[in-house]
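Have a look at the structure below, then the notes.
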Amino acid sequence: MDDQERPSKMRKLSHDGNVEEPQDQIMGENLPDAGNGSKLDEITEPVAEIKTQTGNQNSETSKLSEENDELRESLPAPGETAPMVLTETQTPGDPPLSKSQQKKLRRKAEWESKRGERKAIRKEKNDAKKERKREAYQKELAENGGVPKPKVKQAPPKKTVQLPVTLLIDCDFDDLMRDNERVSLAGQITRCYSDNRNALFHAHMAVCSFGGKLRERFDNVLVQHKQWTRVHWLDEDFVAAAEKAKEWMADEEIGGKIAGAFAKSDTVLDAEALEKLKAEGEVVYLSAEADETLTELKPYSTYIIGGLVDKNREKGICHKRATEKGVRTAKLPIGDFLEMSSRKVLTTNHVNEIMIKWLECGDWGESFIKVIPKRKGGKLKGADQASEDDDDNGDAQVEAKVNADEDS
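Counting from 1, position 184 in the sequence shown corresponds to residue 184 in UniProt numbering; the numbering is continuous, with no gaps.
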């Protein structure tokens with residue numbers, strides 16, 4: 001084919017769908033002149049068809065390009081990471097959560113989401129229990145000819161006595177505990193309240209440095225603490241709280257009276273003797289690391305218990321803080337009364353319960369035996385010797401009886 005009959009190159013399409021003009025002249029100008037225009041028609045018709053198809057493709061490509069642009073805008077830049085979902089207690093400056101922490105948060109969220117279901121299940125169980133009681137009562141009536149059995153009279157509840165002494169739980173360790181340890185401490189404080197409330201001789205109870213995540217748990221989960229009676233919730237530290245305790249213990253209406261282990265005799269104390277007892281009141285921070293041993297509890301005194309659950313990571317911190325603030329420290333006389341197979345460090349609620357038991361009986365040994373868990377292997381000193389003496393006396397009595405029978 002001659003160069004004059006060969007058509008020029010097809011015009012190039014740009015990326016935006018517009019047709020670029022060729023560098024040389026257009027196709028028709030390079031074609032030889034045909035009288036009937038047949039050669040021009042053969043070439044221009046396919047070109048027009050190609051332009052139509054290309055235009056449709058370009059419009060579709062343009063739509064896809066716009067969608068991709070929107071998607072790119074929603075994604076982070078190549079050098080950036082996707083934004084993290086922050087928890088309620090997490091701030092943008094906190095380090096990212098680990099997988100285990102994320103699992104805990106998911107489990108917690110799932111637990112909270114099923115609160116209504118658990119409430120419905122409890123209601124169903126209570127309704128079923130009431131129905132069983134009703135059926136049992138109807139059956140009892142049918143067996144007795146329609147006459148119900150007389151109810152057994154229960155003994156009237158014992159009247160509790162308020163004593164002028166304060167048990168103060170220091171909760172100024174919120175930043176040293178993990179979430180599960182705060183949950184444990186909250187449960188121990190609840191137990192302390194229950195033991196003191198049901199005791200025959202109860203003390204004033206106070207919680208100081210009450211804040212942080214521990215307070216959040218009480219406000220969001222243990223909301224019933226707002227109905228607790230005879231409990232003081234304080235934001236101040238244990239030094240300021242001990243000063244406030246002096247005021248409510250000295251109050252004539254709510255302070256309490258000398259009873260229980262404090263009543264060493266039946267004599268009635270006069271005003272002068274009461275003032276002397278108030279002056280002898282003390283503030284003691286209980287610590288296993290203290291050098292001094294607590295021998296007895298005194299009226300108009302405040303005894304501070306460290307509210308800390310740390311699996312012994314922060315050993316001696318209660319003693320250190322009390323010493324820094326000039327507060328006297330002392331330890332319970334566990335070693336004087338018990339033989340322990342483990343450390344003498346007790347939980348907050350166990351220390352609280354031991355103090356309450358002493359207020360009732362005035363005996364450390366009895367208080368320890370009733371409260372300290374058996375898993376700690378505690379036993380009264382001299383108990384084995386007393387047991388051996390009893391066995392020897394029993395054997396001697398049996399032997400004497402046998403000899404008497406033989407003589408007869």
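Think of the CB as a built atom: it goes at the ideal place given N, C-alpha and C, for glycine as much as any other residue. As the structure is a prediction and not an experimental result, all values here were calculated from the model.
Beta-carbon proximity of MET340 to GLY378, cut-off 8 Å: Their beta carbons are under 8 Å apart, which means MET340 touches GLY378 by this criterion.
Element boundaries [beta strand (DSSP E), containing ILE169]: If you look at ILE169, you'll find it in the beta strand (DSSP E) that goes 161 to 170.
Straight-line gap, GLY335 to VAL351 (C-alpha atoms, nearest Å): Note on geometry: alpha-carbon atoms of GLY335 and VAL351 lie some 15 Å from one another.
Residue of LEU214, ILE254, LEU97 minimising C-alpha distance to ASP175: It is LEU214.
Any 3 or more C-beta pairs closer than 8 Å across the segment 146 to 156 and the segment 215 to 234: Judged by pairs of C-beta atoms under 8 Å, the segment 146 to 156 does not touch the segment 215 to 234, as fewer than three such pairs exist.
CA-to-CA distance, LEU97 to SER287, given in whole angstroms: Their Cα atoms are separated by approximately 36 Å.
The segment 203 to 217 touching the segment 156 to 170, judged by at least three CB pairs closer than 8 Å: Yes: at least three Cβ pairs fall under 8 Å.
Identity of the residue in ALA245, ARG107, GLY146 nearest LYS278 by Cα: Here the closest residue by C-alpha is ALA245.
The beta strand (DSSP E) enclosing VAL231, as first and last residue numbers: Note, VAL231: beta strand (DSSP E), 231 to 233.
Simplified DSSP assignment, three categories, for ALA206: Strand.
Where LYS380 sits in the DSSP three-state scheme: A quick correction: the sequence has Leu, not Lys, at residue 380. In this structure, DSSP gives LEU380 an extended state, which the three-state scheme calls strand.
Cα-Cα separation between ASN220 and GLY307, rounded to whole angstroms: In a straight line, the C-alpha of ASN220 is about 20 Å away from that of GLY307.
Backbone secondary structure at LYS357 - three-state DSSP: It is helical.
For SER387, three-class secondary structure by DSSP: At SER387, the pLDDT of 46 sits below 50, so the modelled position is not reliable; the number obtained from the coordinates is stated separately. Three-state result, SER387: helix.
Cutoff 6 Å; reference SER38; Cβ partners in own chain excluding five residues on either side: A caution first: SER38 carries a pLDDT of 48, below 50, which makes its placement in the model too unreliable to give a value.
Other residues of its chain near LYS311: CB distance less than 6 Å, five sequence neighbours each side excluded: There are no such residues.
Straight-line Cα distance separating GLU289 from CYS192: Near 23 Å, if we compare the C-alpha coordinates of GLU289 and CYS192.
Beta-carbon gap between GLY362 and LEU380 smaller than 8 Å: It is not a contact, given that the beta carbons lie outside the stated cut-off.
Whole-angstrom distance between ALA199 and MET355, CA atom to CA atom: MET355 and ALA199: Cα-Cα distance of roughly 11 Å.
Cβ neighbours of TRP248 in the same chain (closer than 7 Å, five flanking residues each side left out): Taking C-beta separations shorter than 7 Å and ignoring five residues to either side along the sequence, the partners of TRP248 in its chain run HIS204, ILE254, GLY255, following chain order.
For residue 456, the first and last residue of its enclosing beta strand (DSSP E): The displayed coordinates of the chain run from 1 to 408. Any statement about residue 456 would go beyond what the structure contains.
ALA322 beta carbon less than 8 Å from that of GLU292: Taking a C-beta distance under 8 Å as the contact criterion, GLU292 and ALA322 do not qualify as a contact pair.
Close-in-space but distant-in-sequence residues of the same chain around LYS108 (CB under 7 Å, 5 per side omitted): So no residue of the chain qualifies.
Selection from LYS114, GLU324, HIS202, LEU359 that minimises the alpha carbon distance to THR229: Here the closest residue by C-alpha is HIS202.
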